[in-house]
Structures are given as C-alpha cells and as structure tokens.
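Keeping their order, the protein sequence lines are chains A and B. When the letters of the first sequence are read in order and numbered with the UniProt record's numbering, they come out as residues 1 to 337. When the letters of the second sequence are read in order and numbered with the UniProt record's numbering, they come out as residues 1 to 337. Yeah, the Cβ is synthetic: ideal placement off N, Cα and C, and Gly gets one too. Here the structure comes first, spelled out in structure tokens, and everything after it is commentary.
2 protein chains.
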Amino acid sequence: MARVTIRDVAKRVGVSEATVSNALADKPIVTAETKARVRQAAEELGYHISPIARALRTGQTGTVGIVVSNLANPFYADILLGISSVLTPLGYQTIICNTESRAELQEWHVTHLLRHMVDGIVLLSYSSETKATTRALAAGVPLVALWRRPGGSEVSFVGMDDPVAMRLALEHLWSLGHRRIGLLRAHAASSPSEARQNAYTEYLTGRGAPPLPGMVAGVDLSIEGSRDATLQMLDLPAPPTALIATSDLMALGVTMALAERGLAMPADMSVVGFEDTFIAGLPQIQLTAVSVPRRELGIHAAELLLERIADSSLPVRDVVLQPGFRIRSSTAPPQAG
Amino acid sequence: MARVTIRDVAKRVGVSEATVSNALADKPIVTAETKARVRQAAEELGYHISPIARALRTGQTGTVGIVVSNLANPFYADILLGISSVLTPLGYQTIICNTESRAELQEWHVTHLLRHMVDGIVLLSYSSETKATTRALAAGVPLVALWRRPGGSEVSFVGMDDPVAMRLALEHLWSLGHRRIGLLRAHAASSPSEARQNAYTEYLTGRGAPPLPGMVAGVDLSIEGSRDATLQMLDLPAPPTALIATSDLMALGVTMALAERGLAMPADMSVVGFEDTFIAGLPQIQLTAVSVPRRELGIHAAELLLERIADSSLPVRDVVLQPGFRIRSSTAPPQAG
DNA sequence: TTGAAAGCGCTACCAT
DNA sequence: ATGGTAGCGCTTTCAA
C-alpha cells in the first residue's frame with residue numbers, strides 16, 4: 001500500500017520525473033502526446049500529487065486559514081459558508097480557527113497558520129493588528145479582513161456600509177414616531193461599531209434629538225451581555241421606547257430582558273436587530289432587522305484573497321456591501337404617554 | 001527575511017542538525033546542557049519547526065480533519081467547539097470541511113484530507129461508509145464517527161444513548177396524558193434515527209397505544225422540511241396531540257406549521273425538541289427538549305482520535321453518552337376532547 | 001522537447 | 001552523546 005509517487009508514473013511512461021511534473025502541470029513545453037500518455041498512466045496508477053512535498057518545494061500549500069471570533073454564532077457560520085463556496089471548488093483546503101474573541105488565541109492561531117504555510121488568511125471579525133499579522137505581511141502571506149477592520153496596514157477589507165445600515169434602522173424607528181432610541185453596540189473598539197455609533201449620533205442630533213446619557217451601551221456579543229445592558233437602560237428615568245441592537249444575538253438579549261420585566265415587544269419596546277439570520281425570521285421572534293448579505297461577504301473575501309494569492313504585488317482593496325432592511329413585527333409606534 | 005532553519009540553529013550552537021532535532025524533540029539521548037543551549041539558540045534566532053518538512057519526512061502533519069454535514073447548524077458548531085477545545089491546546093490544526101449533507105462532497109473532502117496527510121479524521125454526522133473512508137483505513141488514518149454511525153468497519157464511534165433519549169421524551173408526554181404522539185425523525189437511514197424510531201414504537205406498543213399510520217415522518221434536517229411534514233400530520237383524521245422532533249431545528253419547523261394554522265403551543269400541540277441548543281432556551285421559544293451533551297460529544301471524539309493517532313494498533317472503541325431532559329413550556333397536557 | 005540533479009527542511013539511521 | 005548523511009516527493013534550473 002505504498003504511496004504512488006511521481007517516480008512510479010515516470011517509470012511507467014518511460015520519461016523523467018521532470019517531464020511528468022511538467023505534463024501534469026499542463027506546461028506548454030510538453031507535447032500534447034506526452035501529456036496524454038502521462039495523464040493516462042497517472043490515472044491508471046491512481047497517482048495524486050502530494051501537497052506536502054509540493055509545499056516544501058514551492059512554498060504553496062493550497063490551504064487558506066480562516067480565523068473567526070465565534071464559530072457557534074450562526075452569523076459567522078453563514079459567512080464561512082460563503083467563503084468555502086468559492087474556495088472549495090478550487091481545491092483549497094480551509095483551516096478554520098476559532099478564537100472565542102480572545103486576543104491571545106488570535107495570535108496563536110495566526111502564528112500556527114503561518115508555520116503551516118497557508119497561502120492566505122481571512123480574518124473574520126479580528127479585533128486588532130498584532131505581531132502575528134505583521135509577521136504574515138512580512139512573510140508575504142496575503143490577509144483579508146472581514147466584517148471588522150483591524151487597525152492599519154496592508155490588508156484588504158470586506159465589510160458592510162455601516163452608516164447606511166444604521167440610518168436604515170433609525171429612519172424606520174423615527175418614522176414610527178420613536179424619539180428616545182437606545183443603541184446596543186459592540187463593546188470592542190472596532191471600526192464598524194464606531195461607525196455605527198457615529199451615524200447614530202449624527203442622525204439623531206441632526207433631527208434635534210441628540211441621544212441622552214445612558215442611551216448607548218457597549219456590550220459583548222453574548223445574549224447575556226445585552227440582557228444586562230437592556231435591564232440597565234430600562235432603569236433610566238426616561239427609558240428608550242425603541243432599541244437598536246447591532247446583532248441578532250444582542251436583540252435576543254433585549255427580548256430576554258423585556259420578558260423578565262414583563263414588558264411586551266413591540267407594545268412596550270420596539271427592537272431592531274442586525275444581521276437577519278434565520279433566527280430573526282422564526283415565527284416566535286419576528287425581528288425587524290437590518291439584513292446583512294452574509295454569503296456575499298464571504299464570497300467577496302475569498303475572491304479578494306485569491307486575487308492577492310495569485311499576484312501578491314496587487315494593491316489591497318476594500319469592498320463595501322450594502323445592507324438590506326426587513327420589517328417584521330418587533331417594531332411598532334411607541335405607546336401614547 | 002529567509003526562514004530560520006534547523007541548520008541555522010545548529011551552526012549557532014556549534015552542533016549538528018541531528019542533535020538540534022533530538023534536543024528540540026526532548027529525546028533522552030541528549031544532555032540536559034546541550035538541550036538548554038539548543039533551546040536558547042532556537043529562541044534567539046526565532047526558530048520554529050516547519051510542520052511541512054517534518055510531515056514529508058515522518059508522515060505526521062499535526063493536523064486533523066473534521067467533516068461536518070452542516071456547519072451553520074448551531075448544534076454541530078457546539079460539537080466542533082468541543083473537539084477543538086482538546087485538539088487546539090495540543091497544537092493540532094483542525095481542517096473543517098462542510099458537506100451540506102451531500103455524499104459527493106463528503107467523498108471529495110475525505111479524499112483531499114488524505115492527500116494532505118491529516119493524522120486523523122472526525123466524521124461528524126457522516127452518512128455512510130464510502131470508498132474514501134475505506135481508503136483512509138487502508139492508509140492507516142484513524143477515523144472517529146460522531147453522532148451518526150456510518151455502516152460497518154473499523155471506526156470508533158461517539159454518540160448518545162438514543163433509546164434512552166426517546167424514552168425520556170415519551171415518558172414526559174405520556175405522563176402528561178398524551179396518547180397520540182407523532183414523531184419527526186431524520187429522513188436519512190442513519191442508525192440513531194432508526195434506534196429512536198424503534199424505541200418510540202416499542203414504548204408506545206408496550207403501553208397498548210401503537211403509533212397510527214402517518215404518525216412518523218422522515219424529514220431532512222431543515223426547518224422547512226419539518227414544517228411541511230407537520231402540516232401533513234395536522235391533516236390526519238386523528239392528528240397527534242404531541243410531537244417529538246429529533247432536533248431543535250425540526251422543532252422550530254413544527255412551530256412554524258402551528259403558527260400558520262393558527263394553533264397554539266402547547267395548548268393545541270405539545271412539542272418536544274432534541275438537542276437543547278441556545279435556541280430552545282430563548283424566552284419566545286421555551287422548548288421542552290432532550291438535551292444533548294454537545295461539548296462532551298466533541299471532547300470524547302477528539303480523545304478517541306488522539307488515542308488511535310498515538311497508537312493505531314489500539315482497538316476501536318465506542319462511547320455512548322447519556323442525554324438529559326429539560327422541561328420548558330412547549331409541553332402541557334392535551335386539551336380535553 | 002526532454003532529462004539529470006540539486007535541494008526545500010526535516011528526521012532516522014548508522015557511525016563514531 | 002553527538003555527527004554525517006540519505007531521502008521523504010516534488011519542482012526547477014541547466015544541459016543535452
């Protein structure tokens with residue numbers, strides 16, 4: 001059961017290993033006839049190239065790493081699906097690494113991916129630039145940041161138009177008559193989170209209703225975190241009549257808090273989510289939400305990465321996708337009084 | 001920026017490459033003092049082993065493959081977390097492959113994992129034995145099946161005690177007074193699905209209430225599939241008063257169907273789910289469910305795999321974990337009449 | 001157009 | 001206890 005090597009094929013055809021290599025790589029230098037004979041023999045022997053040996057020689061492994069903050073979040077899972085939908089058909093293996101949003105795990109994973117000589121890395125919701133990413137760039141390994149933009153440097157970026165997304169949510173609520181609108185934003189100091197808050201402040205200020213203190217809460221992405229933040233907001237002297245949560249999971253946290261206080265949604269509180277995963281569409285949830293084109297985000301990230309793997313001298317690029325908006329039944333006009 | 005190799009370290013310390021290799025592998029043959037000097041030099045130069053070169057030589061890559069039927073299902077995501085929680089700290093890279101439950105993609109992924117010389121493969125909800133898995137075993141690559149048991153052969157298996165799980169659900173419903181209990185099982189002819197149906201039939205028959213025709217539906221794992229099946233059951237002359245869905249997502253499909261028909265849960269229909277993911281616990285869902293120890297399943301699978309990676313002569317083993325049961329508000333006594 | 005041979009970085013053997 | 005060296009399977013000059 002020993003492995004079939006290029007040598008076996010060469011012997012079988014009666015040519016050199018070099019010729020087999022060139023033939024299988026479909027190099028123009030080899031005669032069509034020789035190519036045919038080589039392919040035939042390879043087929044018969046069940047030969048397949050060893051990516052490992054090839055990698056040692058060329059430095060190209062045919063694998064790409066994906067570093068993701070939370071694999072168990074359906075939102076990220078959908079994005080991953082988008083990524084592999086382009087990478088897998090091309091024969092790339094994807095090494096998915098989960099970081100639990102922990103900086104040291106991010107670092108660890110990127111370091112290990114580099115040792116394994118991945119051809120490129122997608123940083124999905126990566127918190128910030130690190131020594132490891134710097135090393136990646138220095139080693140010429142292309143990086144694509146997705147969803148969050150880590151500060152600085154030579155990385156391509158795929159994201160959503162956050163100001164537009166925020167305005168979509170605000171316009172909906174404003175037109176329903178809401179004036180005290182709270183915001184639950186991601187706690188981490190990431191660019192999308194900040195862009196959203198800026199758009200939020202700008203919008204409300206522009207309409208003469210600048211947000212009151214306590215109306216913006218920075219939370220982690222967990223359901224519990226948003227639940228707690230919501231409970232705090234409900235204790236404000238003039239609590240919000242509507243809440244914008246910048247992820248579906250956060251919105252679920254809001255609904256938990258409301259349930260605990262015996263408040264009804266949307267009667268007592270309107271809630272707008274972000275993402276619009278399948279959860280938002282469940283009959284019991286029916287969350288009005290900004291919808292994020294998850295698969296498309298993944299697809300674009302993969303394409304940007306491939307582009308730079310093919311030619312690393314290409315400049316980095318940014319792709320910004322437009323959000324949609326889906327009105328369901330978690331929003332309504334505020335109660336009189 | 002050329003890579004630091006073992007040769008550089010050897011030169012620096014003034015020993016041979018062989019000694020460096022042995023020292024870093026902590027082989028007892030090397031003096032403690034030499035080891036110290038080698039480690040020191042490696043540190044100073046920023047040397048790290050090349051897993052690729054090592055793999056070419058030893059056949060061990062330090063990577064394991066995970067083939068999963070649906071990455072976007074939070075249930076499987078949780079299991080993956082369990083797997084990596086043991087593999088990652090040990091320095092293993094995990095290559096996660098999504099198959100969308102498609103046989104040809106399963107085959108494709110296993111084949112590619114073998115070419116990449118993974119040290120072992122976890123088959124998470126793998127549908128059936130294939131040429132690729134046979135090849136894996138022939139090549140001496142250990143396989144662990146998780147959740148579903150693919151027919152035959154030399155694979156370790158980690159699963160749940162399905163008969164017990166089913167009885168937990170039935171006992172709960174029976175004691176509430178339900179007698180017409182429907183079952184939504186996975187459509188595929190997998191062993192757990194069948195074990196559950198057998199336990200179901202046996203339980204009800206043993207109590208003199210064998211399931212009527214149409215009370216068991218085989219569905220795919222999607223929300224829509226279960227919705228459709230539920231609608232059909234509701235059209236039966238004597239529709240069930242309770243439904244057991246063998247996954248949380250299926251249970252959500254049931255609730256969709258109920259919502260469409262204007263039926264209330266649990267008043268008009270009790271529903272028991274399987275899995276008990278975070279979705280089941282949401283205030284709007286509150287699904288009574290058999291709870292599956294997802295992380296533990298993953299952890300055991302990883303351990304079984306490591307065991308056989310370390311010593312492939314070890315016999316395959318099975319691990320069967322016990323389910324829990326969580327009563328929430330999707331179940332109640334049947335309505336009078 | 002094809003072949004011979006070097007070498008990617010490492011480990012395992014055999015000497016010393 | 002340490003060193004020399006072959007070779008894992010492949011690609012890539014360079015020569016023929």
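Handout entry: Cβ pair A:T99, A:H112 closer than 8 Å
Key = Translated into the one-based positions of the first sequence, residue 99 of chain A becomes position 99. Translated into the one-based positions of the first sequence, residue 112 of chain A becomes position 112. Not in contact: A:T99 and A:H112 (Cβ atoms no closer than 8 Å).
Problem - Cβ neighbour criterion (16 or more within 10 Å) applied to A:I327 - result: The residue labelled residue 327 of chain A in the question sits at position 327 within the first sequence. The residue is exposed, with fewer than 16 neighbouring Cβ atoms inside 10 Å.
Exercise for the section: Please confirm if B:Q60 has its CB atom under 8 Å from at least one CB of chain A. Expected result: Locating residue 60 of chain B in the second sequence gives position 60, where the first residue counts as 1. Output row for B:Q60: interface = no.
Handout entry: Close beta carbons around B:G140, own chain, < 8 Å, minus the five adjacent residues each side
Key = To locate residue 140 of chain B, count along the second sequence from 1; it is residue 140. Cβ neighbours of B:G140 beyond the five flanking positions: S312.
Problem - Residue closest to A:A217, alpha-carbon to alpha-carbon, out of A:A238, A:T241, A:A186 - result: Stepping through the first sequence from its first residue, residue 217 of chain A is reached at position 217. Considering only alpha carbons, the answer is A:A186.
Exercise for the section: With B:D318 as the anchor, note down where its beta strand (DSSP E) starts and where it stops. Expected result: Along the second sequence, read from residue 1 onward, the residue named residue 318 of chain B stands at position 318. It spans 318-321 - the beta strand (DSSP E) in which B:D318 sits, taken as one unbroken run.
Handout entry: Members of the segment 206-235 of chain A near chain B, C-beta cut-off 9 Å
Key = If the cut-off is 9 Å between Cβ atoms, the segment 206-235 of chain A has I223 near chain B.
Exercise for the section: Check whether the segment 19-31 of chain B touches the segment 77-89 of chain B, counting contact only when three or more Cβ pairs, one atom from each stretch, lie closer than 8 Å. Expected result: Contact between the segment 19-31 of chain B and the segment 77-89 of chain B is absent, with fewer than three C-beta pairs closer than 8 Å.
Problem - Proximity winner among A:A145, A:H300, A:R12, A:A259, relative to B:P283 (alpha-carbon distances) - result: As a working mapping, residue 283 of chain B is identified with position 283 in the second sequence. Nearest to B:P283 by C-alpha distance, out of A:A145, A:H300, A:R12, A:A259, is A:A259.
Problem - Backbone secondary structure at A:R206 - three-state DSSP - result: Taking the first sequence and counting its residues from 1, the one referred to as residue 206 of chain A is at position 206. It is worth fixing the name first, because residue 206 of chain A is Gly in this sequence and not Arg. Three-state result, A:G206: helix.
Handout entry: Three-state secondary structure (DSSP) of A:I49
Key = Stepping through the first sequence from its first residue, residue 49 of chain A is reached at position 49. A:I49: coil per DSSP, three-state reduction.
Practice task
Check each residue of the segment 281-307 of chain A: if its Cβ is closer than 7 Å to any Cβ of chain B, include it; give the result in chain order.
Solution key: If the cut-off is 7 Å between Cβ atoms, the segment 281-307 of chain A has L282, P283, Q284, I285 near chain B.
Exercise for the section: Output yes if chain A places a C-beta closer than 8 Å to the C-beta of B:Q93; else output no. Expected result: Locating residue 93 of chain B in the second sequence gives position 93, where the first residue counts as 1. Taking Cβ atoms only, chain A reaches closer than 8 Å to B:Q93, which makes this a yes.
Handout entry: Rounded C-alpha distance that separates B:G82 from A:V38
Key = To locate residue 82 of chain B, count along the second sequence from 1; it is residue 82. To locate residue 38 of chain A, count along the first sequence from 1; it is residue 38. Looking at the two C-alpha atoms, the distance is approximately 45 Å.
Exercise for the section: Return the residue from the list B:V320, B:V13, B:S69, B:Q286 that minimises the CA-CA distance to B:E43. Expected result: Along the second sequence, read from residue 1 onward, the residue named residue 43 of chain B stands at position 43. The residue with the shortest Cα to Cα distance from B:E43 is B:V13.
Exercise for the section: Give the DSSP bridge partners of B:M160, in chain order. Expected result: Sequence index remark: in the second sequence, residue 160 of chain B carries index 160 (1-based). The secondary-structure analysis by DSSP pairs B:M160 across a beta bridge with B:L321.
Handout entry: Which residues DSSP lists as bridging residue 340 of chain A, in chain order
Key = Outside the displayed span of chain A (1 to 337) sits residue 340 of chain A, for which this structure offers no information.
Practice task
With 8 Å as the threshold, decide whether the Cβ of A:I121 is near any Cβ in chain B.
Solution key: Sequence index remark: in the first sequence, residue 121 of chain A carries index 121 (1-based). Closer than 8 Å: no.
Handout entry: C-beta atoms of A:G324 and A:I79 nearer than 8 Å
Key = For the purposes of this step, residue 324 of chain A is identified with residue 324 of the first sequence, where counting begins at 1. For the purposes of this step, residue 79 of chain A is identified with residue 79 of the first sequence, where counting begins at 1. The answer is no: Cβ separation not under 8 Å.
Handout entry: Residue(s) in a DSSP beta bridge with A:T63
Key = The residue given as residue 63 of chain A occupies position 63 in the first sequence. BP columns for A:T63 point to A:Q93.
Exercise for the section: Compare the C-beta of B:M256 against all C-beta atoms of chain A and say whether one is closer than 8 Å. Expected result: For the purposes of this step, residue 256 of chain B is taken as residue 256 along the second sequence, with counting starting at 1. At least one C-beta of chain A is nearer than 8 Å to the C-beta of B:M256.
Handout entry: Range of the contiguous alpha helix (DSSP H) that encloses A:R295
Key = Walking along the first sequence from the start, residue 295 of chain A turns up at place 295. Start and end: 294-310.
Problem - For B:G65 and B:R135, the rounded distance between their alpha carbons - result: Walking along the second sequence from the start, residue 135 of chain B turns up at place 135. Walking along the second sequence from the start, residue 65 of chain B turns up at place 65. The alpha-carbon atoms of B:R135 and B:G65 are separated by roughly 15 Å.
Problem - CA-to-CA distance, A:L123 to B:R148, given in whole angstroms - result: As a working mapping, residue 148 of chain B is identified with position 148 in the second sequence. As a working mapping, residue 123 of chain A is identified with position 123 in the first sequence. Those two C-alpha atoms are separated by around 32 Å.
Practice task
Could you pull out every residue in the same chain whose Cβ sits closer than 6 Å to the Cβ of A:M250, ignoring the five residues on either side in sequence?
Solution key: The residue given as residue 250 of chain A occupies position 250 in the first sequence. Apart from sequence neighbours up to five positions away, the residues of its chain that approach A:M250 with a beta-carbon distance below 6 Å are L184, S226, ordered along the chain.
Problem - Chain-ordered chain A contacts of B:M117 [CB-CB under 9 Å] - result: Sequence index remark: in the second sequence, residue 117 of chain B carries index 117 (1-based). Within chain A, the residues near B:M117 are S50, P51, I52.
Practice task
With 8 Å as the threshold, decide whether the Cβ of A:D78 is near any Cβ in chain B.
Solution key: Looking up residue 78 of chain A in the first sequence gives position 78. Chain B contact via Cβ: present.
Problem - Under 7 Å (Cβ pairs) to chain B, residues found in the segment 257-274 of chain A - result: The residues in question are A259.
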